[in-house]
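**Student:** Just passing along the structure, written as structure tokens.
Numbering (our numbering), first residue to last: 242 to 468.
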């Protein structure tokens, strides 16, 4: 019996025009699409005239659905895994599922495309030859230990943060690494894209009394870096 295939397909991080031709072709060709939020993915599919079965896979449901999804692929179906924005499995659900597919000898192929961390790094003006991606810091347990560790980091640091915790994170950066140069980027590729640069205290001052929404990427200079 022929085994299906799993594609890991990158989608836009904001501007829907940033999707690649190959991603569109892949999404059109598969039997079904695995996504974080079907409502978000439907907006993208509708724009490009794609009608496919969608199955949600998030942090809460991933473990429960793995066996079912692997079974469908093993029966010969092809599918694509997408995230709400960007490259799947990067600070997003799907890692356990992809690992299960590999363990079941399912062919896994990547369709490259947008990634917020790499885009933010490329336009930050900070060193790109050696960097560490930490994604979202732990919300509670281990957070202070991680911040202390990063305060000694000799590589450029990339973090993700939501609008609900960006103020807290900036205050922590001001406490643990007040002399580090920081680039905060919001809503990359979208209409209200913005960036702030400077010491943590300077960025805190610039953002004070502002209502800030959206998703953030934070780039932090290496400990010994000088502009």
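Where a beta carbon is used, it is the ideal one built from N, C-alpha and C, also for glycine.
On the DSSP bridge assignment, give the partners of residue 373 in chain order.
**Tutor:** The count along the chain shown starts at 1 and reaches residue 373 at position 132. Beta-bridge pairing links residue 373 to 398.
**Student:** On a CA-only basis, which of 458, 375, 291 is nearest residue 435? Give me that one, please.
**Tutor:** Along the chain shown, read from residue 1 onward, the residue named residue 435 stands at position 194. It is 458 whose Cα lies nearest to the Cα of residue 435.
**Student:** Out of 348, 341, 400, point me to the one whose CA is closest to residue 360's CA.
**Tutor:** Taking the first residue of the chain shown as 1, we reach residue 360 at position 119. Closest option to residue 360, Cα to Cα, is 400.
**Student:** Could you pull out every residue in the same chain whose Cβ sits closer than 6 Å to the Cβ of residue 376, ignoring the five residues on either side in sequence?
**Tutor:** Here residue 376 is taken as the residue at index 135 of the chain shown, counted from 1. So the qualifying residues of the chain are 332, 401.
**Student:** If you check the beta carbons only, do residue 205 and residue 461 fall under 8 Å apart?
**Tutor:** What the structure shows of the chain is the stretch from 242 to 468, and residue 205 is not part of that stretch, so it cannot be assessed.
**Student:** Taking the runs of the alpha helix (DSSP H) that are 4 residues or longer, which of them lie wholly in the segment 281 to 354?
**Tutor:** Here the runs fully enclosed are 303 to 315, 336 to 344.
**Student:** Using a Cβ-Cβ cutoff of less than 8 Å, which residues in the same chain neighbour residue 379 once the five nearest sequence positions on both sides are dropped?
**Tutor:** Position 138 of the chain shown, counted from the first residue, corresponds to residue 379. Excluding residues within five positions, the ones whose Cβ falls inside 8 Å are 387.
**Student:** Rounding to the nearest angstrom, what Cα-Cα distance links residue 366 and residue 404 in this structure?
**Tutor:** For this step, residue 366 is matched to residue 125 along the chain shown. For this step, residue 404 is matched to residue 163 along the chain shown. Cα to Cα, residue 366 sits roughly 23 Å from residue 404.
**Student:** Less than 8 Å between the C-beta atoms of residue 304 and residue 275, yes or no?
**Tutor:** Within the chain shown, residue 304 is the residue found at index 63, counting from 1. Within the chain shown, residue 275 is the residue found at index 34, counting from 1. Not closer than 8 Å, so no.
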